[in-house]
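Residue numbers (our numbering): 2 to 478. Glycine is no exception: its CB is placed at the ideal position from the N, C-alpha and C atoms.
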């Protein structure tokens, strides 16, 4: 049976992703080495035999995948594919089983990597294996938890209390990875089919002699056919972008498993970014930069601005009360962590969306006068998208409830922007917020109407697993 262009593409893709996986495994060798170094200098304690076990396992798996990948034998490439994903899953399992470090989203690393193969069955198998490895690791880890060692809880009780959270997380991971692998595979197949049809059409046209096109009507029909193919190809590209955007929104929705206010805050902030952009343009500022397409890009990218919070301990993100100085310093690392996470996002809209999303994540806590973090940069050194997002982020934080405070009135929030004009916020951006005060009131009312019942249900779920939240909401949200 002859090898088709489609077969060639997916075979080559397997080889390329296999290379990425053994490269990841070689890079992962730094983890156990770091454990040994930090233990030696007294910064952290990781049992040396445990660190060497991880080192040897990773080294063996990396070299095995490397050797298998050096052949174009199709069967060996499939072996390398399965072994590589299993190796990554095993690496995460070894890290999590002892409880030396606390892993959350890392369990989803192998399932998301598997999506790059465009093989739905493979992704489902990988996700299922990682789910069971996570359950086993949680059981092994439960014997080393402080509450168990101190006798406050039994090993079984700690395990049972934490397993529901693992199940919820893996439901999100399964749905996202299954959708991603299915849609990308179908999209690539359709695009290839269209390209084949298009090439065939040109070939047929070239093979025709001039005598066959003796009327204008025939020429017109052929041109219309080619134009139809081109339009269909463009339509497929548009659908691909729409699917990518839907996946982003779905992933953002899963942030609610880690942060009680995360999902609503992200969508609120995106809406306020849109309104600030429109008001700036209406006021005569950045009219060339803030096209309709760019505003849509800013609004969607804003949904990912707090992605770094998934690497912050949940007991800090969802703390009932104000942070200690140490906790605040940890929280201040989330912009840099967010940028690192978004570095791994596949290119969207030729990569321009990725640049915007990373700038928003990294710089949204910087301030016009240099009083922000993480770098303390000033003025227009801060990207425009991040300056706008910074104002939208503060606006929602002021007028929305948090575990450590009641919401501020919109009138008082507007006064904050008037006071911080030229300080925390660029003057024209502060003026834009003040200008659409009436619109803020309407948007806030719509949010509360739409989210009221959903928030109550979500709060009840959080209180079930977080007893420290039992008094939150009694004085009003």
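Distance between beta carbons of residue j and residue i, contact taken as under 8 Å
i	j	result
residue 304	residue 268	7 Å
residue 89	residue 22	7 Å
residue 26	residue 63	4 Å
residue 483	residue 128	Look at the range of the chain in this structure, 2 to 478, and you will see that residue 483 is not part of it.
residue 439	residue 270	Residue 439 to residue 270, Cβ: 20 Å. No contact.
residue 400	residue 445	6 Å
residue 435	residue 417	At roughly 10 Å, the Cβ-Cβ gap does not stay under 8 Å, so residue 435 and residue 417 are not in contact.
residue 433	residue 369	No, residue 433 and residue 369 are not in contact; Cβ-Cβ is about 13 Å, not under 8 Å.
residue 143	residue 160	5 Å
residue 281	residue 430	7 Å
residue 29	residue 92	6 Å
residue 392	residue 296	So it is not a contact: roughly 15 Å between Cβ atoms.
residue 339	residue 362	3 Å
residue 389	residue 299	7 Å
residue 19	residue 85	6 Å
residue 265	residue 178	With 8 Å as the limit, residue 265 and residue 178 do not qualify as a contact, their Cβ atoms being about 25 Å apart.
residue 87	residue 80	Going by Cβ atoms, the distance from residue 87 to residue 80 rounds to 11 Å, so no, they are not a contact pair.
residue 366	residue 336	6 Å
residue 480	residue 109	Given that the chain is displayed from residue 2 to residue 478, the structure contains no residue 480 and the question cannot be resolved.
Buried or exposed (CB count within 10 angstroms, at least 16 for buried), residue i
i	result
residue 133	exposed
residue 406	exposed
residue 420	exposed
residue 364	buried
residue 386	buried
residue 83	exposed
residue 17	exposed
residue 157	exposed
residue 394	buried
residue 410	exposed
residue 309	buried
residue 359	buried
residue 181	buried
residue 326	exposed
residue 316	exposed
residue 61	exposed
residue 307	buried
residue 203	Because residue 203 sits at a pLDDT of 47, beneath the cut-off of 50, its placement in the model cannot be relied upon, and the point is left open.
residue 292	exposed
residue 96	buried
residue 49	exposed
residue 283	exposed
residue 176	exposed
residue 210	Its pLDDT being 46, under 50, residue 210 is placed unreliably in this model, and the value from its coordinates should be taken loosely. Exposed.
residue 344	exposed
residue 294	exposed
residue 59	buried
residue 33	buried
residue 427	buried
residue 31	exposed
residue 412	exposed
residue 349	buried
residue 450	exposed
residue 357	buried
residue 137	exposed
residue 57	exposed
Identified DSSP bridge partners for residue i
i	result
residue 403	406
residue 422	426
Short CB-CB distance (under 8 Å) between residue i and chain D
i	result
residue 272	Among the protein chains of the structure shown there is no chain D, as only one such chain exists.
Residue i Cβ short of 7 Å to the ligand COA heavy atom set
i	result
residue 432	Here there are no bound small molecules, and the ligand COA is not part of this structure.
Cβ contact (3+ pairs, closer than 8 Å) linking the stretch 58 to 77 and the stretch 35 to 47: No, because fewer than three Cβ pairs between the stretch 58 to 77 and the stretch 35 to 47 fall closer than 8 Å, the two stretches do not touch.
The stretch 349 to 356 contacting the stretch 323 to 334, beta-carbon criterion three pairs below 8 Å: No, the stretch 349 to 356 does not touch the stretch 323 to 334.
contact_flag[the stretch 373 to 384, the stretch 281 to 300] where n(CB pairs < 8 Å) is 3 or more: Note that the stretch 373 to 384 does not touch the stretch 281 to 300; fewer than 3 beta-carbon pairs, one per stretch, sit closer than 8 Å.
Inter-stretch contact (C-beta, 8 Å, three-pair minimum) for the stretch 182 to 189 and the stretch 110 to 121: For the pair of segments examined, the stretch 182 to 189 was found to touch the stretch 110 to 121: the number of CB pairs separated by less than 8 Å reaches three.
Minimum length 3: unbroken beta strand (DSSP E) runs contained in the stretch 253 to 314: Fully enclosed beta strand (DSSP E) runs of 3 or longer: not present.
Continuous alpha helix (DSSP H) assignments of at least 4 residues falling wholly in the stretch 59 to 126: Within the stretch 59 to 126, the complete alpha helix (DSSP H) segments at least 4 residues long are 75 to 98, 110 to 115, listed from N- to C-terminus.
Every unbroken beta strand (DSSP E) inside the stretch 332 to 406 [3 residues or more]: With a minimum length of 3 residues, no continuous beta strand (DSSP E) run stays inside the stretch 332 to 406.
Minimum length 4: unbroken alpha helix (DSSP H) runs contained in the stretch 26 to 65: Entirely contained in the stretch 26 to 65, the alpha helix (DSSP H) runs reaching 4 residues are, in chain order, 31 to 42.
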